[in-house]
Amino acid sequence: MKIAIIGAGWAGAAAAHYLPLHYDVHVFEASRHIGGRARGFDSQKLQRTIDNGQHLLLGAYTQSLALMQSLGINLEQAFHRFDLTIESADQQQRLKAWPLPAPLHLLGAFLSSKGFSGADKLAMLRLQRSLQRQGWRTTSGQTVLQLLQATQQTATLIDCLWQPLCLAAMNTPIELACAQLFAYVLRDSLGGQRRDSQMLIPKHNLSALWPKHALQGRTVHLGQRVERVTPLPEQSGCLVDDAYFDACLITTPPYATARLFQSQALDALAASSLLEMDAVAAWLNGLQQVKYRPIATLYLQLEQAWHEPVPMLMLHEDRSRHHYGQWLFNHQAIPDSFASPLLSVVISDADALSAHPRELVVKRIEEQLREQLQGRLPLPAVQATELIIEKRATFEATPNCFRASMQSPWPNILLAGDWVDSEYPGVLESAVRSAKHCAEFLNQEP
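Per the numbering used here, the very first residue in the sequence shown carries number 107; after that it's consecutive.
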């Protein structure tokens with residue numbers, strides 16, 4: 107079977123790995139790099155390789171971790187793994203799981219937490235018990251904020267726990283974010299085993315981590331942008347530009363996926379799928395209506411290493427002062443990190459940041475760090491910075507957002523990616539899971 111994969115991000119690389127080696131697989135990537143939005147980036151300002159965004163995996167990302175293991179990657183060497191820890195930079199809040207089997211690991215975090223009152227702790231339990239009683243199902247159309255209000259979460263919990271976690275997981279503010287997706291993330295992390303809630307920071311740049319290994323043995327066309335995919339009638343395959351393939355797996359974002367069909371007449375597309383024109387038009391319109399939110403990462407190179415031992419700290423955001431930072435990663439505290447001794451600051455839902463000059467943003471985030479890190483080891487002077495903004499990093503994960511199914515209107519054209527319908531928001535695990543589902547479907551084809 108001859109199969110085209112459009113896109114060499116995590117979904118495309120995973121699909122190439124899961125398909126049998128005797129398949130003739132061609133991977134088309136418009137850029138000169140593999141990895142999509144999770145890849146290594148050569149920074150001229152820092153004069154070294156960094157990632158184009160700071161990523162954090164959870165132990166609950168079982169398919170991503172299993173994929174890496176199947177490629178012979180030693181997870182303990184590839185990642186810095188640590189128990190769930192949420193600690194504010196200003197030392198006002200701290201929640202750290204104990205090294206005990208579930209559910210004792212969270213009970214320990216609950217009992218030893220800092221900065222949360224008795225009312226806060228009761229509210230935490232109320233949310234967890236409510237979700238467990240409902241089988242981790244929420245009211246249809248409910249937002250995260252509505253869920254938090256319905257379970258009487260305190261202002262402290264919303265500001266210092268749930269809002270930061272929601273932004274980190276879904277890149278969508280709580281007043282818009284889908285409660286059901288958030289509940290599934292909580293179910294598989296906080297509601298799972300101790301290992302599921304652990305955090306994993308990559309020690310290698312993401313291009314080198316696994317995608318290049320997954321693509322070995324496949325024909326990879328870098329710098330080759332596919333202009334159109336043409337479905338053929340009677341389930342007889344498709345054309346990718348002018349080349350025939352038995353099947354095509356599209357792993358590009360929705361806007362790029364829609365572009366592949368826009369040059370073709372709607373009536374021809376409908377005829378090739380044996381569907382009414384309205385059905386095909388609705389599918390294309392759904393792709394075009396998907397909204398996106400940016401993520402920014404600010405890397406800071408210091409004059410000397412900062413020896414603060416905590417690898418990840420939560421920052422208090424204050425957009426009125428342009429203090430946009432939400433999470434601080436200290437690579438000096440991560441043994442054998444490729445990014446040591448850099449600092450990286452993550453800003454999800456970064457629309458507000460994008461509206462201001464970069465010099466101002468960098469200056470104010472450095473100001474934010476110095477204010478909130480008082481009481482810790484002094485932060486050395488900043489020598490150089492690199493601000494990376496992924497303008498369409500993830501889809502906007504609202505309750506009624508469009509998420510296409512794996513199957514397109516044409517039987518030989520499938521979709522994979524973090525935006526394809528699943529129980530997870532737009533995270534890397536979603537991309538890997540959807541790619542595996544597509545590969546399994548194709549493997550069953552006669």
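Even glycine gets a Cβ: it sits at the ideal position worked out from N, Cα and C.
Scanning the region 333–376 from its first residue to its last, the whole alpha helix (DSSP H) runs of 4-plus residues come out as 360–365. In the three-state reduction of the DSSP assignment, residue 168 falls in the helix class. Inter-residue distance for residue 355 and residue 175 is about 24 Å (C-alpha atoms, whole angstroms).
Inter-residue distance for residue 496 and residue 484 is about 31 Å (C-alpha atoms, whole angstroms). Distance from the CA atom of residue 234 to the CA atom of residue 259, rounded to whole angstroms, is 11 Å. Residue 496: member of the beta strand (DSSP E) spanning 488–501, first to last residue. Sequence-distant Cβ neighbours of residue 179 in its own chain, meaning closer than 8 Å and more than five residues away, are 315, 316 and 319.
Looking only at 479, 492, 491 and 418, the smallest Cα-Cα distance to residue 161 is reached by 418. Taking a cut-off of 8 Å on C-beta distances, the region 137–147 does not touch the region 333–350, as fewer than three cross pairs fall below it. Using a Cβ distance threshold of 8 Å, residue 412 and residue 391 do not count as a contacting pair.
Per DSSP, residue 146 is one residue of the beta strand (DSSP E) stretching across 146–149. When secondary structure is reduced to three states using DSSP, residue 535 falls in the helix class. Taken atom to atom, the span from the alpha-carbon of residue 286 to that of residue 173 is near 26 Å. Residue 549 has no beta-bridge partner at all, per DSSP.
Ranking 120, 112, 114 and 116 by CA distance to the CA of residue 546 puts 120 first. By the Cβ neighbour-count rule, residue 388 is exposed, with fewer than 16 other Cβ atoms within 10 Å of its own. Within the same chain, and ignoring the five residues on either side of residue 487 in sequence, the residues whose Cβ sits closer than 6 Å to its Cβ are 409. Around the Cβ of residue 269, a 10 Å sphere holds 16 or more other Cβ atoms; the residue is buried.
Bounds of the alpha helix (DSSP H) holding residue 291 are 285–294. Just measuring C-alpha positions, the residue of 311, 280 and 219 sitting nearest residue 248 is 280. Within the region 410–466, the runs of alpha helix (DSSP H) that reach at least 4 residues and sit entirely inside it are, in chain order, 457–460.
If you draw a straight line from the Cα of residue 228 to the Cα of residue 220, it comes to about 14 Å. One Cα belongs to residue 166, the other to residue 374, and the distance between them is close to 43 Å.
The alpha-carbon separation between residue 284 and residue 502 amounts to approximately 9 Å. Annotation: the continuous beta strand (DSSP E) that includes residue 407 extends over 398–408. Separation of residue 539 and residue 360 (C-alpha to C-alpha, rounded to the nearest whole angstrom) is 17 Å. By the neighbour-count criterion, in which 16 or more other beta carbons inside 10 Å mark a residue as buried, residue 217 falls on the exposed side.
Residue nearest to residue 516 within the set 454, 479, 377 and 204 is 377 (criterion: CA-CA distance). Here residue 201 is buried, its C-beta having at least 16 other C-beta atoms within 10 Å.
Put simply, the backbone Cα of residue 199 is about 6 Å away from that of residue 193. In this structure residue 184 is in contact with residue 310, their Cβ atoms being roughly 6 Å apart against a cut-off of 8 Å. In the DSSP annotation of this structure, the continuous segment of the alpha helix (DSSP H) that includes residue 216 starts and ends at 210–218.
According to the DSSP assignment, residue 154 belongs to no alpha helix (DSSP H) but to the beta strand (DSSP E) extending over 154–157. Pairing residue 122 with residue 321 gives a Cβ-Cβ distance under 8 Å.
Residue 386 has its alpha-carbon roughly 49 Å from the corresponding atom of residue 474.
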